[in-house]
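**Student:**
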Amino acid sequence: TITQTDRFAAALVERAVTNWYSFVGTSDMNHYFGTHWFRDLPWRETADYLARSPLQHVENVHTPALVIHSTDDYRTALDQGLQFYTALKMQGKPAQLAVFPESSHGLSRDGRPSQRVRRLEVILDWFGRYAPGCGRYRELAVRFLGRSPRRVGGQCRVFLPTERSAIPRPLLAPRVRAG
-17 TITQTDRFAA ALVERAVTNW YSFVGTSDMN HYFGTHWFRD LPWRETADYL ARSPLQHVEN
43 VHTPALVIHS TDDYRTALDQ GLQFYTALKM QGKPAQLAVF PESSHGLSRD GRPSQRVRRL
103 EVILDWFGRY APGCGRYREL AVRFLGRSPR RVGGQCRVFL PTERSAIPRP LLAPRVRAG
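Under the numbering used here, read the sequence shown as residues -17 to 161, first letter to last.
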């Protein structure tokens, strides 16, 4: 959606397909998508796959974007998030990348509790920074968690590069224990 409009103050791109052409070659459901969502396989219908890919339209993005992905996501491989984030940064657009190690496509539903909390912290911080009035969501999170989300550790690395550089190294931070 953020490749088609600038009506949002901030956006979350989470475990999203950003390049249909490469997705079909890496997803655990590649045959299904290649045969049910498209007329033919990507090497026969390249233009159709690219036309539907947000990465193809990334120059239209004017909304600050937070990209969240997991290393062990076999439905939507990590390369999907990395490609979109890198394309945004190469154009000097405001973007942040959060990668959760040893987590799957279901991070928000069945991930480790510390990672689920950290994910919410990252999202709340992002929208608090770019979307006016989102500070209220932090209050709701505190009420839901029963404590300040900032006091909970998690396994996540957040990148805020200031240059138009590629993905910083190392990609993942060492494990952090909650407590």
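Even for Gly, the Cβ is constructed at its ideal location relative to N, Cα and C. Computed from a predicted structure; not experimentally measured.
Could you tell me which uninterrupted beta strand (DSSP E) segments, each at least 3 residues in length, are contained entirely in the stretch 61 to 101, listed from first to last along the chain?
**Tutor:** Listed in chain order, the complete beta strand (DSSP E) runs (minimum 3 residues) inside the stretch 61 to 101 are 77 to 82.
**Student:** Applying the criterion that 16 or more other CB atoms from any shown protein chain within 10 Å of the CB defines a buried residue, is residue 1 buried or exposed?
**Tutor:** The count along the sequence shown starts at 1 and reaches residue 1 at position 19. Its Cβ being crowded by 16 or more others within 10 Å, residue 1 is buried.
**Student:** Considering only their Cβ atoms, is the gap separating residue 45 from residue 5 smaller than 9 Å?
**Tutor:** Working through the sequence shown from its first residue, we reach residue 5 at position 23. Working through the sequence shown from its first residue, we reach residue 45 at position 63. Going by C-beta atoms, residue 5 is not nearer than 9 Å to residue 45.
**Student:** For a test of your reading of the model: does the CB of residue 113 fall under 8 Å from any non-hydrogen atom of the ligand NAP? Yes or no.
**Tutor:** Of ligands this structure carries none, so the ligand NAP is not represented either.
**Student:** Determine the burial state of residue 87: buried for a count of at least 16 other Cβ atoms within 10 Å of its Cβ, exposed for fewer.
**Tutor:** Indexing the sequence shown from 1 puts residue 87 at position 105. Looking at its Cβ environment, which holds 16 or more other Cβ atoms inside 10 Å, residue 87 is buried.
**Student:** Using 9 Å as the threshold, is the C-beta distance between residue 93 and residue 109 below it?
**Tutor:** As a position in the sequence shown, residue 93 is number 111, starting the count at 1. As a position in the sequence shown, residue 109 is number 127, starting the count at 1. Cβ atoms of residue 93 and residue 109: not closer than 9 Å.
**Student:** Ignore the nearest five residues each way along the sequence and tell me which others in residue -12's own chain have a CB closer than 7 Å to its CB.
**Tutor:** Here residue -12 refers to the residue found at position 6 of the sequence shown. Counting only Cβ-Cβ distances below 7 Å, and skipping sequence neighbours, we find 44, 45.
**Student:** Can you check DSSP and say which residues form a bridge with residue 113?
**Tutor:** Locating residue 113 in the sequence shown gives position 131, where the first residue counts as 1. DSSP, once it has assigned bridges, lists no residue as partnering residue 113.
**Student:** Grouping DSSP H, G and I as helix and E and B as strand, with all else coil, what is residue -4?
**Tutor:** Locating residue -4 in the sequence shown gives position 14, where the first residue counts as 1. Note: residue -4 maps to strand in three-state DSSP.
**Student:** Return the residue from the list 56, 51, 27 that minimises the CA-CA distance to residue 105.
**Tutor:** Counted from its first residue, the sequence shown places residue 105 at position 123. Checking every option, the nearest Cα to that of residue 105 belongs to 51.
**Student:** Take the Cβ of residue 100 as the centre, count every other Cβ of all protein chains shown within 10 Å, and call the residue buried at 16 or more, exposed below.
**Tutor:** The residue given as residue 100 occupies position 118 in the sequence shown. It is buried - the Cβ of residue 100 has at least 16 other Cβ atoms within 10 Å.
**Student:** Would you kindly report the start and end of the unbroken beta strand (DSSP E) that includes residue -9?
**Tutor:** In the sequence shown, counting from the first residue as 1, residue -9 sits at position 9. Counting along the chain, residue -9 falls outside any beta strand (DSSP E), and DSSP gives it neither H nor E.
**Student:** Starting from residue 6, trace the alpha helix (DSSP H) in both directions and tell me its first and last residue.
**Tutor:** By one-based count along the sequence shown, residue 6 stands at place 24. That run of the alpha helix (DSSP H) goes 2 to 8.
**Student:** I'd like to know whether the C-beta atoms of residue 47 and residue 20 end up nearer to each other than 9 Å.
**Tutor:** By 1-based counting over the sequence shown, the position of residue 47 is 65. By 1-based counting over the sequence shown, the position of residue 20 is 38. Taking 9 Å as the Cβ cut-off, residue 47 and residue 20 do not qualify as a contacting pair.
**Student:** Can you tell me which of -9, 31, 53, 79 puts its alpha carbon nearest to the alpha carbon of residue 85?
**Tutor:** The residue given as residue 85 occupies position 103 in the sequence shown. Per the Cα distances, 53.
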